[in-house]
Each structure stands twice: as structure tokens, then as C-alpha cells.
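Heads up, the thing below is written out as C-alpha cells.
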Amino acid sequence: MGRSKGVTITVRVPVAWDTMTKRKKQRLRQIVGRDTRIIRSFLGVIEQHERDLLSGRNKTRIDDGALDRLTITTIKVTSKYQPRLIVPHDMKKRFPRCSTGELIECRRTAIGLYESYLALRKRSRSNVSRPCESTNSGRIPRWIYSLKFKLVESTSSVTCWWLDLQDSFESVLMKKVIHDRLLIPLKMSEFHTSQIKKGEVKALQLINDRHGKWWVHFAVRLEENLSKSKGNLPVAVLGIDLGIKKAACTALVTPEKVRETRYFIQQDKVKSIEKYDQLVAELQREMDNRRNKKQSYDKVAYRLKELKSKRENISKDYDLILLRHLLNYITMLSKKYTLYVSLGRLKYIRDKARRQNRTGRLHRSMINSWSFARITNGLKHQLSQLGWTVDGKKAHFRIVSEAWTSSLCWKCGSKGRRPKQNHFICPTCGHQTNADRNGAINIAARLIMLTDSLHSVRGRGKWMDSVATGKNPQLMSLLQRRSDVSHSKESAVDHFVQTDLPSFGDKSEKSDNDPAVESTVEELAVFESDTSIEKQEKETRSLGGTVSQ
222 MGRSKGVTIT VRVPVAWDTM TKRKKQRLRQ IVGRDTRIIR SFLGVIEQHE
272 RDLLSGRNKT RIDDGALDRL TITTIKVTSK YQPRLIVPHD MKKRFPRCST
322 GELIECRRTA IGLYESYLAL RKRSRSNVSR PCESTNSGRI PRWIYSLKFK
372 LVESTSSVTC WWLDLQDSFE SVLMKKVIHD RLLIPLKMSE FHTSQIKKGE
422 VKALQLINDR HGKWWVHFAV RLEENLSKSK GNLPVAVLGI DLGIKKAACT
472 ALVTPEKVRE TRYFIQQDKV KSIEKYDQLV AELQREMDNR RNKKQSYDKV
522 AYRLKELKSK RENISKDYDL ILLRHLLNYI TMLSKKYTLY VSLGRLKYIR
572 DKARRQNRTG RLHRSMINSW SFARITNGLK HQLSQLGWTV DGKKAHFRIV
622 SEAWTSSLCW KCGSKGRRPK QNHFICPTCG HQTNADRNGA INIAARLIML
672 TDSLHSVRGR GKWMDSVATG KNPQLMSLLQ RRSDVSHSKE SAVDHFVQTD
722 LPSFGDKSEK SDNDPAVEST VEELAVFESD TSIEKQEKET RSLGGTVSQ
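See the structure below:
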């Protein structure tokens, strides 16, 4: 399917195969089989002329116009162009039962497959097989765009919804002016209709899965939520730090202070995953012993497969519960604030948990089997369905680097120490807090630094000039301090305001490092402010996870 700036979802609708006639079933198989052969032919042409077709700065795009000049002849053209009577690979001659519009759709589908391969080849270190090298004999569905079909609702038959599809299998050979139509009955439910009504149907695919069932995948472009909030809501940034013992820690940062900290805890998930990990490890050892002794281990392998599937299902269920809690919390905050959401990218976390880094075996097993990417992708997808802008410069949801967010103090930017896994102490300013909370605030601060529209929220210009430092802003802490000496064109007051972050203070209109105030180690015990460590560790149990304020 073509590129788009909007959010697109897929609605999977089953085909009422039992109610179709034999002729319709045969015609549907013929259309999908023909499309598969055409797409494979286009993939072969792209592979043969790859050097001539590559375009773009990173050479990860296929020139659609150049491929068109290699494969499709043109007779009736405008005065600006000349007709092409001969091409190196004449697809019209090779596939006479396909219209020109359907050939173009197959070509775009092949281009999309090959561009995905190019992007994967550039990102992956290992060898990636080309799309045309696949030995799988399965069908490749083409993207059928909205001009070739329409959804029809009928009240006079048992089947309420029909797919009216263009059928050119015989009309092209007979040189008909108007193509034939193929009516396909659909098993449309209320859920399917509600999902389709969220936006506009742009394209579809006819899918025949490995079990022989037929499906129609509708690509629905969601309508952008352009409605602005009533009134001028204050700006706030929600930082989210993912973990294991605490599934997620969120910190709500406003221009006045850190408003709120919440912990989403799923102790049952951790216990269940640990239990199944131990069972899987025992079965793996037993299977290895039986294999070494040349004994039968079929029953052990079958039991091992069942346990792995059960463990994966448990993990998915708890991840969905966590996503629902996070979405409800974000929706509630969106009514009070102009909200930005910052989520830490857990990149290379498995590399840090290797045996060479002196990490425990249990910790390594939990890190290597935890589903951080599923939560990240799921949250982005769910927010996009709610009308959030999740990509681009104006995005209100952003995935930022977690580098140094857990080791730097959010108050002064100095490197702290952690005598316990959940306890953070800054030796410079004496600040003590929960380690996950410290990381969540730093994650929120990193989004503020990377978002230009938030630099002047407090009327003080940019919070720090990343250009002057000459470093990558994603690898820096927002809270790094400038020089202790002001320059000649800067007053002492301006220098203090620029080097400090009163918006992260514990009381509004007051700073944590005012030079006129004696530096003391604060005891955090005020609601909607920094809470004490003892209070942070008290969580209120709830279904599907634990949320703590």
C-alpha cells in the first residue's frame, strides 16, 4: 500500500465461503493466483534491474516510473509524452487476463515488498533473503485500491454485507468497455462495522491462510483528531520508565513541579513468568540428557512446546492489561493538560545483561524474555487510534533514548549511586528518591529538550543549547549544568535562571538551588510534590496491575 502521513489500521473480516457458489469460489482462486504470478514477475524484474531502479538518498526506494517504462506499454498518451509500443518486459502480453489498473496495483505491491526487503537488508547484519527467492508456494495478495471495489449493505438477504469487486479475468479478453463484477459475501459483525466507520477504507487484500480460510483485510485510514482542547490547558509531559519488578513508572512533569508519580506493578506476572521459566529450564535439561543418552525425548519436546506457548500467552495478557491502565491514565490526564508522552527506548538492554557484565542468571533470563517492544509498539498504536500525532516534529508521543537517565540526578545532573536497585542517592546535592522515578523524570526531561515547541514554555527560551555543546542531544542529560561563572553580557540573575530548573522544583515559584537559600537535603513528603521514599514504596493494589500515586 502507498505511503501516507495518517494512521492506518487493518480490519480483518472473514469471507462467508460456505454461501458462495462454485463459480465464485473458482473465480476468486483464479484472481488471487493470477495476482501472485504477476507480483512474482515484477519482483524478478526489479531484482534484474535493481541498480537502475534504486532511488532515494539511502538507496532504499524503487523508482515506480522507471519500472513502469520497463514493463507496461502505452498507446494513448497526452501530447507531452510519446507512446511506448515495445518494452523489455511486456506484462500486458504476458498476462492478457489482467487489466492495466490491476497490473499497476500488482506493481505497487511488488515495490512495497522489495522496499521492505531493502530497509531490512540495510538494518540487519545477517543476510536477508530476497522476496523472489522465497520457496514458499503461498499466494501473495495485491493491494486493491478503492476504485476497484465497494462495500454494499443489503437487507433483502441473509448476508448483510457484500464486497463488490471488479472482475477482469474474462472481460479483458473479450475487450469489454465495462468489466465484470464479483460479489463476495462477508461475515461482518458489529465490531467490524464500528472499526470501518472510524475512517475511510482505502484498500483491501484477499487473504487465503494456511488453514484454507478466506479473509478480506481492509486498510482503514483513521480520521485525524483536529479538535482542539477547550481553553488554554497547561502543558505537561508524562515520562514512562518500563521495568520488570515495576512494570512501569510514570512521572507527570509540569512547568511548576513534578505533579505526580505512579507505579504500575504486576507481581502475579513476575511470579508466573519465573515459574514457567524454571519449568522450561528443567525440561530443556531433561531433553538434553535424553538426547545425549540417545533416548526418546518426543514427549519432553511436546511438553516444552506447550509450556512456551502458555508462557507467551500469559505475557501477552498482562501486557494488554498494562496498556489498558496506561491508556486510561493518559486519557484522564489529557482532559486536564496539553499532554506530551515520553517513553524510554530500551535499546541494547539485553547486551548490558550479559554474563560478562556480572549480572545474575535470574536477572539475565528475565531481561532476555521480557516483552518491552510489545508494550512500546502497542502504546504507540493505541494512541494513534485515539487521534494522537505519534510521528513527525509535532508528535505528542515520542520514544527517546534512555542513555544515562537512570544514573544521573534529575535535580542537578550529577552522577548518582544506587545502594539498592530501587534507591537512588545523589552524592552532590543529597537528593534521594526511587530509582525508577528518577529515570521517568529524566525521560520526560529528554522529550522537553528534543521538542522545540516546549523550549519556551516557561518564558525563558531554550532550556539548554544543544548546538553549542556540539554533542548528540539524545545522549545528553537535560539537567547538565553550565559554567558556574556568568559571562560579561549575562547578569547573575539570568545566569542562575538558565542554569537551574525551577519547573522541577518541589514548590511552585521556588527553586531547589536558589543561591540566596542555604543548601539543605530536603525530606520529600508533600502530595503533588516529591514524595518520600517510604511513601513511594507503598502501592495500592488493583486488578490487572498495581497503580501507585
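Following the numbering used here, the numbering of the sequence shown begins with 222 at its first residue and continues without gaps. Note that the Cβ used here is the ideal one computed from N, Cα and C, for glycine as well. What you are looking at is a predicted structure, and each value in this text was computed from that prediction instead of being measured.
* Return the bridge partner residues of tryptophan 383 from the DSSP annotation. => Val373 and Pro406
* For arginine 282, the residue or residues it bridges with in DSSP -> Ser276
* Looking at the unbroken alpha helix (DSSP H) that takes in glycine 599, where does it start and where does it end? -> 593-606
* With respect to the beta strand (DSSP E) encompassing glutamate 477, which residues constitute its N-terminal and C-terminal limits? -> Segment: none, glutamate 477 is in no beta strand (DSSP E) and carries neither H nor E.
* Have a look at phenylalanine 439 and tryptophan 383 and give me their C-alpha separation to the nearest angstrom. => 13 Å
* Inter-residue CB distance, valine 456 and tyrosine 558 (contact presumed, cutoff 8 Å) -> 7 Å
* Using the DSSP secondary-structure output, state which residues sit across from phenylalanine 439 in a beta bridge. => Val232 and Leu425
* To do: Enumerate in chain order the residues of its own chain whose CB-to-CB distance from glycine 565 is below 6 Å, with the five nearest sequence positions on each side excluded.
  => Asp462, Glu623 and Ile664
* To do: At 3 residues or longer, and completely inside the region 467-555: list those beta strand (DSSP E) runs for me, N to C.
  => 469-474 and 479-486
* Asked: CB-CB under 7 Å to cysteine 327, same chain, minus the five flanking residues each way: which ones, in chain order?
  -> Asp256, Ile259, Ile260, Phe263 and Arg363
* **Segment limits, beta strand (DSSP E) that includes lysine 641** => 638-641
* Distance CB(arginine 483)-CB(aspartate 540) smaller than 7 Å -> no
* To do: Within the same chain, show all residues whose beta-carbon is closer than 6 Å to that of alanine 340, passing over the 5 residues directly before and after it, in chain order.
  => Thr281
* To do: Flag this pair as yes or no: are the beta carbons of leucine 443 and glycine 420 separated by less than 7 Å?
  => yes
* Asked: DSSP state of aspartate 612, grouped into three classes?
  -> coil
* Taking the alpha-carbon positions, what's the glutamate 271 to glutamate 336 distance? -> 11 Å
* Give the DSSP-derived three-state secondary structure of glutamine 303 in the structure shown. => coil
* Asked: The beta strand (DSSP E) with aspartate 239 in it runs from where to where?
  -> Aspartate 239 -> no beta strand (DSSP E), and no H or E assigned at all.
* May I ask you to list the residues that DSSP assigns as paired with serine 622? => Arg566
* To do: For methionine 241, count neighbouring Cβ atoms within 10 angstroms of its own Cβ and tell me buried if that reaches 16, exposed if not.
  => buried
* Alpha carbon to alpha carbon, how far is alanine 424 from glutamine 487? -> 40 Å
* tyrosine 335, DSSP secondary structure in three states -> helix
* Asked: Excluding five sequence neighbours on each side, which residues of the same chain lie with their C-beta closer than 7 Å to the C-beta of threonine 610?
  -> Ala616 and His617
* Asked: How big is the Cα-Cα spacing for valine 441 and valine 479?
  -> 39 Å
* To do: Tell me whether serine 345 is buried or exposed, calling it buried when 16 or more other Cβ atoms sit within 10 Å of its Cβ.
  => exposed
* Using three-state DSSP, classify threonine 292 as helix, strand or coil. => helix
* Asked: Which one or two residues does DSSP pair with tyrosine 366 in a beta bridge?
  -> Ala424
* For leucine 324, which of helix, strand or coil comes out of DSSP? -> helix
* Asked: Near histidine 400, what residues of its chain come up, given a Cβ to Cβ distance below 6 Å and the 5 sequence neighbours on each side ignored?
  -> Gln387, Ser389 and Ser392
* **Within 7 Å, strictly: CB atoms of arginine 402 and aspartate 385** => yes
* Please report the residue range of the beta strand (DSSP E) in which histidine 413 lies. => No beta strand (DSSP E) contains histidine 413, which is instead part of the alpha helix (DSSP H) from 411-417.
* Measure the CB-CB distance between valine 621 and histidine 413 and report whether it falls below 7 Å. => no
* Which whole-angstrom value is the C-beta distance of leucine 459 and isoleucine 551, which I expect to be below 8 Å? -> 7 Å
* **Which residues DSSP lists as bridging histidine 644, in chain order** => Lys641 and Asn655
* Asked: Which one of Lys245, Met670, Thr292 and Ile293 has the shortest CA to CA distance from lysine 614?
  -> Met670
* Asked: What's the gap between the Cα of glutamine 247 and the Cα of phenylalanine 370?
  -> 19 Å
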